[in-house]
């Protein structure tokens, strides 16, 4: 009985902790008088947990509305609330849906694409400038959509490819399209190496399969395009499963396999991270890969290579206790005990100056082993 009470208490505390995290997400509602749509557009902006208005954030634009917007926001927040998550934190903007005169139900209007031209004009010339004027943003943005609203995301990918830096298209309603997406997908301009990354998944509706396969064939030579058959999943499940898969695929290059660098060493690390800088439009820290490479060299008895690499890391931040202790451990791995002690002592001086008790405890423990 006592054990069950403890379990219930733990579950309650976990629920409260989750609720605290959820409530930390600020969702704002904004209005914009659209000149292009001749109407007032209302849309939501979700700020990430721990939002800092002095920090610039990338922006994730989604066509999700209603209940899916709430689910989408919490899913992205969960996947980004710690640095070990698969993606960084984003400002999330829900793209307001515009309409044109038609007898169609709004749901089918979105899928048909008859409002695509106006929708894209509003997004590019009114929504994007509004967000950039009201929030501190990085020059990096993604566009995401699911089912009927996924068709517009794919349309934007095909017609204004460089407007966004990546596209996530989840289970689009291809059979309902009337804008010629299939024909447009057979467009050679996307065959250049500069085509932005695009993830496209197939959902469970059988009438979409042949169209999906045609698009896949048309874009088979586009190296930055990813296609995934998720038709085994429930229609609603696809929204979350596909989002997870697209995020892990798109951001996988931020955690590169060490095997990419072991043959050519430091130059290959520099070249790889230069490519990342082009993709993400900002410098990406290579220190983790460099430290891993240095340890690899040390474990394989390549002393000079190991020290050359770790010294590059330390040169960037010579007073980093963490980097100094990594060098000490690398020297220890190489069997250079005297030099390892000296490196730990150097790190100890910096840790003492910074009053870093955790680092001091770690360093003293390592020195006691030597």
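Numbering (the working numbering), first residue to last: 2 to 371.
Just so you know, even glycine gets a beta-carbon here, dropped at the ideal spot from N, CA and C.
Tell me, please, which residues DSSP counts as bridged to residue i.
i           : result
residue 171 : 147
residue 199 : 168, 226
residue 61  : 93, 143
residue 28  : 47
residue 163 : Answer by DSSP bridge pairing: none, since residue 163 is not bridged.
Report the residue from the options whose alpha carbon sits nearest the alpha carbon of residue i.
i           : options            : result
residue 46  : 40, 27, 56         : 27
residue 95  : 176, 33, 230, 322  : 33
residue 429 : 25, 274, 352, 196  : This structure gives no information on residue 429, because the portion of the chain shown stretches from 2 to 371.
residue 287 : 303, 245, 269      : 269
residue 260 : 322, 314, 294      : 294
residue 307 : 225, 205, 266, 175 : 266
residue 322 : 340, 338, 344      : 344
residue 179 : 349, 115, 146, 336 : 115
residue 120 : 100, 228, 299, 316 : 100
residue 54  : 134, 105, 168, 167 : 134
residue 88  : 233, 247, 43, 236  : 247
residue 320 : 300, 80, 347, 31   : 347
residue 129 : 353, 164, 98       : 164
residue 143 : 212, 109, 64, 85   : 64
residue 169 : 132, 227, 360      : 227
residue 336 : 318, 303, 359      : 303
residue 252 : 342, 167, 58, 309  : 167
residue 245 : 38, 43, 80         : 80
residue 237 : 69, 318, 31        : 69
residue 57  : 66, 85, 30, 139    : 139
residue 41  : 254, 225, 29, 127  : 127
Under a three-way DSSP split, which group does residue i fall into?
i           : result
residue 45  : strand
residue 157 : helix
residue 300 : helix
residue 35  : strand
residue 127 : helix
residue 40  : strand
residue 326 : helix
residue 138 : strand
residue 211 : helix
residue 264 : coil
residue 23  : Low per-residue confidence applies at residue 23: pLDDT is 46, beneath 50, and the placement is therefore not dependable, though the value from the model is reported in the following sentence. The answer is helix: DSSP assigns residue 23 an H, G or I state.
residue 67  : helix
residue 337 : coil
residue 100 : coil
residue 293 : helix
residue 280 : helix
residue 132 : helix
residue 252 : helix
residue 321 : coil
residue 332 : helix
residue 370 : helix
residue 84  : coil
residue 75  : helix
residue 52  : coil
residue 180 : coil
residue 185 : helix
residue 312 : helix
residue 351 : helix
residue 359 : helix
residue 216 : helix
residue 343 : helix
residue 105 : coil
Is the beta carbon of residue i less than 8 angstroms from the beta carbon of residue j?
i           : j           : result
residue 91  : residue 282 : no
residue 192 : residue 223 : yes
residue 350 : residue 327 : no
residue 183 : residue 160 : no
residue 61  : residue 145 : yes
residue 334 : residue 300 : yes
residue 156 : residue 117 : yes
residue 212 : residue 109 : no
Which same chain residues, not among the five before or five after residue i, have their C-beta less than 6 angstroms away from its C-beta?
i           : result
residue 82  : 50
residue 122 : 37
residue 402 : Nothing can be reported for residue 402, as the shown portion of the chain is limited to 2 through 371.
residue 59  : 91, 139, 141
Can you list, in chain order, the residues of its chain whose CB lies under 7 angstroms from that of residue i, leaving out five sequence neighbours each side?
i           : result
residue 243 : 171, 172, 202, 231
residue 338 : 371
residue 249 : 87
residue 186 : 159, 216, 219, 220
residue 352 : 322, 360, 361, 364
With a CB to CB cut of under 8 angstroms and the five nearest residues on each side skipped, what residues in its chain are close to residue i?
i           : result
residue 22  : Because residue 22 sits at a pLDDT of 48, beneath the cut-off of 50, its placement in the model cannot be relied upon, and the following sentence gives the value as read from the coordinates. Cβ within range, chain order: 50, 78, 82.
residue 174 : 112, 148, 149, 151, 152, 206, 209
residue 241 : 72, 76
residue 290 : 257, 259, 262, 270, 273, 274
residue 315 : 321, 324, 325, 328
residue 154 : 64, 144, 145, 146, 168, 169, 170, 173
Can you tell me whether residue i sits near the ligand COA, meaning its C-beta is under 7 angstroms from at least one heavy atom of the ligand?
i           : result
residue 201 : By its list of ligands, the structure shown contains no ligand whatsoever, and the ligand COA lies outside what it can speak to.
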